[in-house]
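Scroll down for the structure; my scribbles are underneath it.
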Amino acid sequence: MKHTTPAATVGVVGGGQLGRMLGEAAGPLGVEVVVSDPTPDCPAAPVVRDQVVGDFDDEAAIRELAERVDVLTYEIELADPDALARVSEETGTPVHPDPDTLRMIQDKLVQNRALEDAGVPVPAFRRVDDAADLRAAGEALGWPLMLKARRGGYDGRGNFPVESPDETAAAMERLGRPAVAEELVDFERELAVIGVQGDDEVRAFPVTETIQEEEILREMVSPARTDEAVRERAREVALEVLDVLEGRGVYGIELFEVREARGASDSASGERSDPRVDGGILVNEIAPRPHNSGHWTIEGARCSQFEQHVRAVLGWPLGAAERRSPTVTANVLGDVDEPREARLSGIEAVLRTPEASLHWYGKREVRPLRKMGHVTLVDDGDADVDADVDADVDSLLRRARELREGLTFR
Numbered sequence: 031m032k033h034t035t036p037a038a039t040v041g042v043v044g045g046g047q048l049g050r051m052l053g054e055a056a057g058p059l060g061v062e063v064v065v066s067d068p069t070p071d072c073p074a075a076p077v078v079r080d081q082v083v084g085d086f087d088d089e090a091a092i093r094e095l096a097e098r099v100d101v102l103t104y105e106i107e108l109a110d111p112d113a114l115a116r117v118s119e120e121t122g123t124p125v126h127p128d129p130d131t132l133r134m135i136q137d138k139l140v141q142n143r144a145l146e147d148a149g150v151p152v153p154a155f156r157r158v159d160d161a162a163d164l165r166a167a168g169e170a171l172g173w174p175l176m177l178k179a180r181r182g183g184y185d186g187r188g189n190f191p192v193e194s195p196d197e198t199a200a201a202m203e204r205l206g207r208p209a210v211a212e213e214l215v216d217f218e219r220e221l222a223v224i225g226v227q228g229d230d231e232v233r234a235f236p237v238t239e240t241i242q243e244e245e246i247l248r249e250m251v252s253p254a255r256t257d258e259a260v261r262e263r264a265r266e267v268a269l270e271v272l273d274v275l276e277g278r279g280v281y282g283i284e285l286f287e288v289r290e291a292r293g294a295s296d297s298a299s300g301e302r303s304d305p306r307v308d309g310g311i312l313v314n315e316i317a318p319r320p321h322n323s324g325h326w327t328i329e330g331a332r333c334s335q336f337e338q339h340v341r342a343v344l345g346w347p348l349g350a351a352e353r354r355s356p357t358v359t360a361n362v363l364g365d366v367d368e369p370r371e372a373r374l375s376g377i378e379a380v381l382r383t384p385e386a387s388l389h390w391y392g393k394r395e396v397r398p399l400r401k402m403g404h405v406t407l408v409d410d411g412d413a414d415v416d417a418d419v420d421a422d423v424d425s426l427l428r429r430a431r432e433l434r435e436g437l438t439f440r
């Protein structure tokens, strides 16, 4: 009997670290990847078939990409949904996730309204076009509040708190574009779920705890250090989010485990679900792509988020999403004061640790707090048993931080 691999080619708009890791996951499946990216010899280039050089919204580059592949996807929200839709119609190359999903997620006001209309719990929010709107939002939602750019912000970019009415004019001048004001959520911890939409099946990876500082994701802990009821509710909410989104692929769903909520929503009725009744979970943001919070799945899950995304966009059967063992990931950030050539030292301790894995993103320039790679540490525990696991992940987190602190670009 003749055996063959189900060879296919996936086109990815964006060739950063996510494109690189998609290429790494696609190879063992017999799948080739071609990326488009404005940076020549981008981080993904060494591990993919080829690169088309062009901006994320360059329709000619997207068309060239589409003509060379079986399906289009994207690894950055700066992709142009209108260009993707036109190119897909003209070339017959499908796009996943659907451009309409990208269009909705690119505008945080549209995203919040769509989720709220579907009954998905979100923080109370208001549309903000100027300082007067921001003051009115503060009166309705309470001070302080969180100001978010409607467009052009992702992974925490374009988000910052506003403490009082006296700061509204300066805040709007600093942001410089239309925004959404959200209640400042009093959360116990931040959580994330990587959801997967397949051709006719859905998966959700185990709930992960995300640890952030200064709006930058620093560490991921799986399983999340919370009780099983909260984890189950977080998973339920993530599946509710997937029901709102169109198109196959992986979605990073960021959540709050809240203590309490206040304020009133932007909806016409003013009604909103109470997260204290709903199990203490609110949706923060959604990414229509693999997400930093899911990097732990490369070593820690039976099928990584990157392999799942490749399978999903091609319409292939999805892989298992179960966790293999308790897993912690620590991001390696630029520890420099100004941009310089990226030369990482101190890797010997990571390489000598049997449970540790080092991932380098291939960026040639290091900048202050730029994500340059990550270190993952896995435990030999039973992936199906979460009882008394907090001590295990606490120990893993301490060790991952120690290994990460030994890495430097200085």
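Just so we're on the same page, the working numbering is the position in the sequence shown counted from 1, plus 30. All C-beta atoms in this analysis are idealised placements derived from N, C-alpha and C, irrespective of residue type, glycine included.
Spatial neighbours of residue i within its chain, please: C-beta separation below 7 angstroms, excluding the five flanking residues on both sides.
i      : result
Met31  : Caution applies to Met31, whose pLDDT of 37 falls short of 50 and renders its modelled position unreliable; the model cannot decide the point.
Leu427 : Glu249, Val251, Val358
Asp410 : Ser355
According to DSSP, simplified to helix, strand and coil, what is residue i?
i      : result
Thr198 : helix
Pro449 : Residue 449 is absent from the structure shown; the chain starts at 31 and stops at 440.
Glu94  : helix
Val237 : coil
Val215 : coil
Thr131 : helix
Val366 : coil
Ala337 : Going by the sequence as given, residue 337 is Glu instead of Ala. Note: Glu337 maps to helix in three-state DSSP.
Leu221 : strand
Asp424 : helix
Val158 : strand
Thr103 : strand
Ala56  : helix
Arg289 : strand
Ser323 : helix
Thr406 : strand
Ser118 : helix
Glu245 : coil
Lys401 : strand
To the nearest angstrom, how far is it from the Cα of residue i to the Cα of residue j?
i      : j      : result
Gln227 : Ser355 : 24 angstroms
Pro174 : Pro76  : 46 angstroms
Ala291 : Arg332 : With a pLDDT of 48 at Ala291, under the threshold of 50, the predicted position of this residue should be treated as unreliable, though the coordinate-derived value follows. Rounded to whole angstroms, Ala291 to Arg332 spans 36 angstroms at the Cα level.
Glu119 : Ala113 : 10 angstroms
Lys138 : Glu378 : 43 angstroms
Leu272 : Val99  : 26 angstroms
Asp196 : Ala170 : 16 angstroms
Gly57  : Thr39  : 10 angstroms
Arg382 : Asp367 : 29 angstroms
Val83  : Val215 : 41 angstroms
Arg165 : Val152 : 21 angstroms
Pro384 : Ile246 : 28 angstroms
Glu301 : Ala148 : Confidence in Glu301 is poor, its pLDDT being 45 and thus under 50, which makes the residue's placement too unreliable to answer from.
Pro236 : Ala154 : 27 angstroms
Ala37  : Val232 : 23 angstroms
Met176 : Asp424 : 30 angstroms
Gly190 : Glu352 : Note that residue 190 is Phe in the sequence shown, not Gly. Those two C-alpha atoms are separated by around 35 angstroms.
Thr198 : Asp257 : 38 angstroms
Report the residue from the options whose alpha carbon sits nearest the alpha carbon of residue i.
i      : options                        : result
Asn361 : Asn314, His339, Ala430         : Ala430
Val343 : Arg319, Ala350, Ser323         : Arg319
Lys401 : Leu427, His325, Asp424, Leu177 : His325
Phe439 : Arg373, Ser425, Ala386, Leu427 : Arg373
Gln338 : Leu108, Asp87, Val280, Asp71   : Val280
Pro70  : Glu62, Phe86, Val61            : Phe86
Pro129 : Val150, Arg143, Ala211, Glu105 : Glu105
Arg341 : Gly44, Gly60, Ala259           : Gly60
Glu146 : Val260, Ser194, Gly45, Glu270  : Glu270
Gly172 : Met134, Ala211, Ala55, Gly45   : Ala211
Val131 : Val274, Asp229, Ala167, His389 : A small correction: the amino acid at residue 131 is Thr; Val does not occupy that position in the sequence shown. Comparing Cα positions, the closest option is Val274.
Ala317 : Arg157, Val223, Glu193, Ala179 : Val223
Arg289 : Phe217, Ser334, Glu266         : Phe217
Ala55  : Gly188, Thr327, Val192         : Thr327
Arg329 : Asp365, Leu363, Ser194, Leu388 : For the record, residue 329 in the displayed sequence is Glu; it is not Arg. For Glu329, the nearest C-alpha among the options comes from Leu388.
Who are the Cβ neighbours of residue i in its own chain at under 6 angstroms, not counting the five residues just before and after it?
i      : result
Leu102 : Gly41, Ala96, Thr123, Val125
Gln47  : Pro73, Tyr391
Ile241 : Arg248, Glu249
Gly225 : Ala234, Ala268, Leu272, Tyr281, Ile283
Glu435 : none
Ser66  : Val43, Val82, Gly84, Ala91, Leu95
Ala277 : At residue 277 the sequence reads Gly, which differs from the Ala that was named. If we look at Gly277 and ignore the five residues flanking it on each side, its Cβ neighbours are His126, Pro127, Asp128, Thr131.
Output needed for residue i: all residues of its chain with C-beta closer than 8 angstroms, excluding positions within five of it in sequence on either side, in chain order.
i      : result
Glu89  : Asp110, Ala113, Arg116, Val117
Arg181 : Gln136, Asp137, Lys138, Arg207, Pro208
Leu433 : Ala360, Ala379, Val380, Thr383, Ala386, Val405, Leu407
Arg93  : Val117, Glu120, Thr121
Glu220 : Glu239, Thr240, Ile241, Gln242, Glu284, Leu285, Phe286, Glu287, Asn314
Arg370 : Glu395, Val396, Phe439
Establish whether the CB of residue i and some CB of chain C are separated by less than 8 angstroms.
i     : result
Asp67 : Checking the listed chains, one finds no chain C in this structure; it contains a single protein chain.
query: Touch check for the segment 156–167 and the segment 192–210: three-plus C-beta pairs under 8 angstroms?
result: The answer is yes - the segment 192–210 touches the segment 156–167, with three or more Cβ pairs under 8 angstroms.
Touch test, the segment 44–51 against the segment 72–87, Cβ-Cβ under 8 angstroms, three pairs minimum: A contact between stretches requires three or more CB pairs, one per stretch, nearer than 8 angstroms, and the segment 44–51 meets this requirement with the segment 72–87.
- prompt: How about the segment 394–409 and the segment 338–352: do they share at least three Cβ pairs that are nearer than 8 angstroms?
  reply: No, the segment 394–409 is not in contact with the segment 338–352.
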